[in-house]
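Engineer:
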Amino acid sequence: MNPGLKLLLVMAIALEISFTQSLIVNVILIGVSFIYILFNRVTFKALIGLIFWPLFPALGLFVSQWLYGSAGIHFAWILFTRIYAYVFLGATFTLTSSITNLALTLEQDFRLPSKFAYGVLAAFNLMPKINEEVQIIKTSALMRGEALHFWSPKLYFKAILSSIQWSQNLAEAMTSHGFVEDQGRTHYRVIKITRMDWVWFIGLFGIVQVLLFFIRY
Amino acid sequence: MTDVLIDHFTYEYPGSTVKVLNDVDVTFKHNHFSLLTGPSGSGKSTLLYFIAGLYPHFIGNDALGGIKFGDTDIKQIPSNEISHSVAMMFQNPNQQFAMDTVIHELTFVLENMLVDPAKIDGIINHALDFCGIKQLRSRVINTLSGGEKQRVALACIVAMDPPVIVLDEPFASIDPDSRLDLIKKLKQLQVEHGKTIILADHDLNDYKGVIDEFYYLDPDTHHISLLDSQSAQHFFDNFKNTQTINKQVAIPTEAAPSIINIKDFKLQPHHSLLLKLGDFKFCKEKTTLITGANGIGKSTLFNALTKLLPYNGEIDFAGKNIQKIRPLPYAKNVTLLFQDAENQFLNITVKEELDLSLKNRTNQAYSIDDVQTMLKELSIDGRDDQVVYSLSEGQKKKLQIIEMLIMNPPVLLMDEPFKGLDYHSLEVVVGFLNRSKQEFHQTQIIISHQLSGLDTLIDYHANFADQNLTYQEVIK
Ligand SMILES: Nc1ncnc2c1ncn2[C@@H]1O[C@H](COP(=O)(O)OP(=O)(O)OP(=O)(O)O)[C@@H](O)[C@H]1O
Ligand SMILES: [Mg+2]
């Protein structure tokens with residue numbers, strides 16, 4: 001499915017289940033997402049992570065609602081499954097779509113300014129470097145006679161300085177590679193939103209509406 | 001014909017009163033390989049950014065005078081066509097790419113240039129082939145070495161195929177073999193493909209017989225002049241003299257007092273063994289030079305000495321196991337000067353940077369006057385309010401060295417401290433280091449490819465080879 005439409009679908013459904021209260025629909029969404037992810041061959045490790053990490057916030061919500069809430073255990077289960085539904089819905093997007101394709105479709109089909117599409121992409125490609133950078137900043141501060149911890153404002157101050165610096169260099173690099181804002185570009189890989197994409201999008205969205213309408217438990 | 005004409009070109013940075021370029025009037029000839037040199041901070045990068053069409057767009061204020069490609073004024077070229085006239089390669093290999101993989105970047109470049117999608121594959125294949133990096137095609141750019149990244153940058157330029165190519169110290173952070181290879185590729189682009197090449201560099205190695213014209217940017221007059229073959233030869237000879245060193249040093253005796261001791265030591269950060277030492281010492285209040293091939297593990301050794309990386313065995317500082325010393329007190333005793341100056345900065349302006357060092361230093365060895373004198377001697381005084389990131393590459397290095405000297409730690413580790421410095425500045429820095437050692441009893445350990453000019457500084461020389469570090473009598 002087209003990554004742009006997929007993102008839209010996932011966000012729309014996630015928004016909807018925030019306002020509705022159906023345990024069964026939550027479970028169905030988790031189940032369907034899970035199967036979809038399995039079919040897309042993700043690593044075992046990523047799968048375990050998906051199940052394990054949300055456990056803490058989900059359990060936390062569950063327990064506090066169950067013990068202290070007034071809406072009872074049914075609502076506690078809804079909250080619990082809602083967290084997992086968010087995570088699994090999100091994963092159907094993040095684990096199976098390439099950010100490059102997303103940028104391409106945002107530019108070509110959703111008609112977003114190319115500056116935005118490629119800006120997002122470039123920022124995303126820089127992400128792994130941020131971890132590294134934080135480590136470097138900590139070390140550098142030590143050498144300058146200061147110990148920075150993860151709560152030190154100075155750490156973030158310098159991290160922001162560095163990213164401003166990066167983005168400036170990046171803008172220069174993109175320009176020198178021929179990129180000009182708001183100018184036409186050719187497209188080596190054309191990404192189209194096909195009729196099938198629309199069928200899936202409307203179909204899946206419709207099914208969720210029907211489920212939410214009929215299944216109130 | 002695409003002569004690059006610089007016509008009575010005058011420029012000063014916003015908020016500065018110094019004209020970096022003053023009435024520069026030169027012509028870089030069509031289909032020539034021109035080398036531009038000049039001390040650090042003289043304005044080489046500034047000029048190249050203008051030629052590449054990045055300034056004034058990215059800087060804010062315009063220059064007086066003009067730049068022409070043949071008959072066309074650069075200002076007449078619409079912004080979406082400038083890359084059909086000129087392409088630029090930057091000094092820092094890390095920030096030249098917008099996309100994740102090599103193939104995506106090349107495609108991005110060609111799409112920007114409105115190349116017909118049907119032709120893109122062919123052009124990319126040719127560019128990769130020309131640069132000898134077919135095998136890197138699908139690699140993630142972040143995982144490439146500096147030399148490989150610069151080859152990819154060149155491949156992008158080959159794909160863009162503009163008549164003029166400008167390069168700003170493109171080889172500053174790559175190994176000598178890649179350097180030589182890339183220079184040959186550039187020559188080939190000039191000779192076989194009719195390109196006009198303008199390249200700025202301090203390091204004159206490998207250019208003799210390759211370049212056609214030699215330009216010098218005079219830091220006092222802010223003029224650029226074309227040198228005749230005699231003066232050019234003079235520059236090459238001078239440079240050569242600064243490249244050779246043949247010095248005998250002693251090997252530390254048993255009795256020589258040590259400050260850092262390494263025992264039963266093994267360094268294998270990524271599972272492959274880099275260094276194995278039974279018993280090794282660094283001598284107190286001496287300067288030890290460490291040499292060794294690229295990628296052999298010199299910087300990694302520094303990371304172990306500063307407790308940034310795990311290792312097996314024991315390292316003692318002043319008789320105490322460094323694992324038993326807390327990070328901050330240890331860093332105040334054994335301090336590392338990073339290879340990349342920007343990483344050392346924590347503040348915005350030059351003054352804030354210097355103040356930070358003055359505030360956190362543990363002793364008052366250097367007076368405020370000393371600091372001013374040092375800044376002056378390296379001609380970076382009077383820049384209190386300049387943003388550190390806007391300093392020229394060489395100026396960043398100078399500031400970094402001064403601020404670490406002010407801290408005056410008992411042991412100072414320096415990773416390529418002379419990179420990007422012109423020879424005169426190097427001599428001044430060596431003077432500073434000698435003072436620190438003699439007056440303030442500092443121990444210095446230096447990793448450096450640059451050897452000459454260090455004669456008066458070096459006491460011992462340790463060579464890093466075959467997973468071993470051994471003291472040697474000769475430096476060459
Ligand atoms: N954005 C800026 N604002 C103010 N001054 C600047 C800015 N950028 C550069 N300068 C100053 O202009 C001068 C020339 O800088 P430039 O980077 O062109 O020198 P360079 O010849 O390339 O030096 P190096 O060999 O050290 O790289 C330097 O004194 C520098 O501090
Ligand atoms: Mg420069």
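Those protein sequence lines, which keep their order, are chains A and B.
For the first sequence, my numbering gives the first residue as 1, with consecutive numbering after it.
For the second sequence, my numbering gives the first residue as 1, with consecutive numbering after it.
Don't be surprised by glycine CBs; every beta carbon is placed ideally from N, CA and C.
Specify the secondary structure class of Val-42(A) as computed by DSSP and reduced to three states.
Structural biologist: The answer is coil: DSSP assigns Val-42(A) none of H, G, I, E or B.
Engineer: Candidates Thr-373(B), Glu-81(B), Gln-438(B) and Met-407(B): which alpha carbon is nearest Val-180(A)'s?
Structural biologist: Out of Thr-373(B), Glu-81(B), Gln-438(B) and Met-407(B), Glu-81(B) has the C-alpha closest to the C-alpha of Val-180(A).
Engineer: Would you say the beta carbon of Ser-390(B) is closer than 6 Å to some non-hydrogen atom of ligand 2?
Structural biologist: The answer is no for Ser-390(B).
Engineer: In the structure shown, what three-state DSSP assignment does Phe-205(A) receive?
Structural biologist: Of the three classes helix, strand and coil, the one that applies to Phe-205(A) here is helix, per DSSP.
Engineer: By Cβ distance below 8 Å, which residues in the same chain neighbour Phe-80(A) in space, the five residues on each side in sequence not counted?
Structural biologist: The residues are Ala-58, Leu-59, Leu-61 and Phe-62.
Engineer: Going along the chain, which residues of its own chain have a beta-carbon closer than 8 Å to the beta-carbon of Ile-137(A), five neighbours each way excluded?
Structural biologist: Taken in chain order, the residues that qualify are Leu-148, Leu-155, Lys-158, Ala-159 and Ser-162.
Engineer: So for Tyr-471(B), helix, strand or coil by DSSP?
Structural biologist: Reduced to three states, the DSSP call for Tyr-471(B) is strand.
Engineer: With a threshold of 6 Å (Cβ to nearest heavy atom), would Glu-393(B) be considered close to ligand 2?
Structural biologist: Yes, the Cβ of Glu-393(B) comes within 6 Å of a heavy atom of ligand 2.
Engineer: With a threshold of 7 Å on Cβ separation, who are the neighbours of Val-249(B) within its own chain once the five nearest residues in sequence on each side are excluded?
Structural biologist: Within the same chain, Val-249(B) has close Cβ partners Ile-458, Asp-459, Tyr-460, His-461, Glu-473 and Ile-475.
Engineer: Can you tell me whether Lys-184(B) sits near ligand 2, meaning its C-beta is under 6 Å from at least one heavy atom of the ligand?
Structural biologist: Result no, Cβ not under 6 Å from ligand 2.
Engineer: For His-479(B), report the span of its beta strand (DSSP E) as first-last.
Structural biologist: Coverage of chain B is limited to positions 1 through 476, which leaves residue 479(B) absent and any answer about it impossible.
Engineer: Would you please state the rounded distance, in angstroms, between the beta carbons of Ile-191(A) and Asn-2(A)? I believe it to be under 8 Å.
Structural biologist: The Cβ separation is near 7 Å, so the contact holds.
Engineer: May I ask you to check if the CB of Tyr-13(B) is nearer than 6 Å to at least one heavy atom of ligand 1?
Structural biologist: Yes.
Engineer: I want to check one thing, is the minimum distance from the CB of Thr-44(B) to the heavy atoms of ligand 2 below 6 Å?
Structural biologist: According to the sequence provided, residue 44(B) is Lys. The question's Thr does not apply to it. Yes, since a heavy atom of ligand 2 falls inside the 6 Å radius drawn around the Cβ of Lys-44(B).
Engineer: I believe Leu-114(B) touches Ala-159(B) by the beta-carbon criterion, under 8 Å. Please report the beta-carbon distance rounded to the nearest angstrom.
Structural biologist: About 13 Å separates the two Cβ atoms, so there is no contact after all.
Engineer: Measure the CB-CB distance between Gly-65(B) and Asp-7(B) and report whether it falls below 7 Å.
Structural biologist: Their beta carbons are under 7 Å apart, which means Gly-65(B) touches Asp-7(B) by this criterion.
Engineer: Enumerate in chain order the residues of its own chain whose CB-to-CB distance from Asn-468(B) is below 8 Å, with the five nearest sequence positions on each side excluded.
Structural biologist: Same-chain partners within the cutoff: Leu-275, Lys-276 and Leu-277.
Engineer: Any chance the CB of Ser-79(B) is under 6 Å from a heavy atom of ligand 4?
Structural biologist: As presented, the structure is devoid of ligand 4, carrying ligand 1 and ligand 2 as its sole ligands.
Engineer: Name the chain B residues whose beta carbon is nearer than 8 Å to that of Tyr-188(A)?
Structural biologist: Per Cβ cutoff of 8 Å: Thr-107, Leu-110, Glu-111, Pro-117 and Ile-120.
Engineer: Going along chain B in order, which residues have a C-beta closer than 9 Å to the C-beta of Asn-169(A)?
Structural biologist: Here the neighbours are Phe-90, Asn-92, Asn-94, Gln-95 and Gln-96.
Engineer: How about Glu-172(A): is its C-beta nearer than 7 Å to some C-beta of chain B?
Structural biologist: It does: the Cβ of Glu-172(A) has a partner Cβ on chain B nearer than 7 Å.
Engineer: Identify which residue in Glu-12(B), Ile-401(B), Val-24(B) and Ile-290(B) has its Cα closest to the Cα of Ser-436(B).
Structural biologist: Residue Ile-401(B) is the option with its Cα nearest to Ser-436(B).
Engineer: Using a beta-carbon distance below 7 Å, is Phe-440(B) in contact with chain A?
Structural biologist: So no, Phe-440(B) is outside the interface.
Engineer: Starting from Tyr-118(A), find everything on chain B with Cβ-Cβ shorter than 9 Å and list it in chain order.
Structural biologist: What Tyr-118(A) touches in chain B: Ala-98, Met-99 and Phe-108.
Engineer: Spell out the partners DSSP gives Ser-258(B) in its beta bridges.
Structural biologist: BP columns for Ser-258(B) point to Cys-283(B).
Engineer: In chain order, what residues of the same chain have a beta carbon less than 7 Å from the beta carbon of Asn-363(B), not counting five sequence neighbours either side?
Structural biologist: Closer than 7 Å at Cβ, skipping near neighbours: Asn-408.
Engineer: Beta-carbon within less than 6 Å of Tyr-207(B)'s beta-carbon, same chain only, minus the 5 sequence neighbours each way: which residues are those?
Structural biologist: Result list for Tyr-207(B): Leu-35, in chain order.
Engineer: How would you list, in chain order, the residues of chain A whose beta-carbon sits under 7 Å from the beta-carbon of Cys-156(B)?
Structural biologist: Those are His-177, listed as they occur along chain A.
Engineer: Give me, in chain order, the residues of the same chain whose beta-carbon lies closer than 8 Å to that of Gln-349(B); leave out the 5 immediate sequence neighbours on both sides.
Structural biologist: Looking at the sequence itself, residue 349(B) is Thr, so the reference to Gln does not match. Closer than 8 Å at Cβ, skipping near neighbours: Asp-384, Asp-385, Gln-386, Val-387 and Val-388.
Engineer: Keeping to the same chain, check which residues put their C-beta closer than 6 Å to that of Leu-267(B); ignore five residues upstream and five downstream.
Structural biologist: Same-chain partners within the cutoff: Leu-274, Leu-275, Ala-304 and Tyr-311.
Engineer: Of all the beta strand (DSSP E) runs that stay within the bounds of the stretch 198-249 of chain B, which reach a length of 3 or more residues?
Structural biologist: The qualifying runs are 213-217 and 224-226.
Engineer: Strictly under 7 Å for the Cβ-Cβ distance: is Gln-323(B) near chain A by that measure?
Structural biologist: Cβ-Cβ to chain A under 7 Å: no for Gln-323(B).
Engineer: At 8 Å on the CB atoms, spell out the chain B contacts of Lys-154(A), in chain order.
Structural biologist: Ordered by position in chain B, the residues that pass the 8 Å Cβ test against Lys-154(A) are Leu-346.
Engineer: Rounded to whole angstroms, what's the CA-CA distance from Thr-470(B) to Ile-251(B)? Just pull it up for me.
Structural biologist: Approximately 10 Å between the Cα atoms of the pair.
Engineer: Strictly below 8 Å CB to CB, what residues from chain B border Ala-147(A)?
Structural biologist: Correct list: Pro-327 and Leu-328.
Engineer: With distances taken between CB atoms, is the gap from Ser-42(B) to Pro-329(B) smaller than 7 Å?
Structural biologist: In this structure, Pro-329(B) does not lie closer than 7 Å to Ser-42(B) by Cβ.
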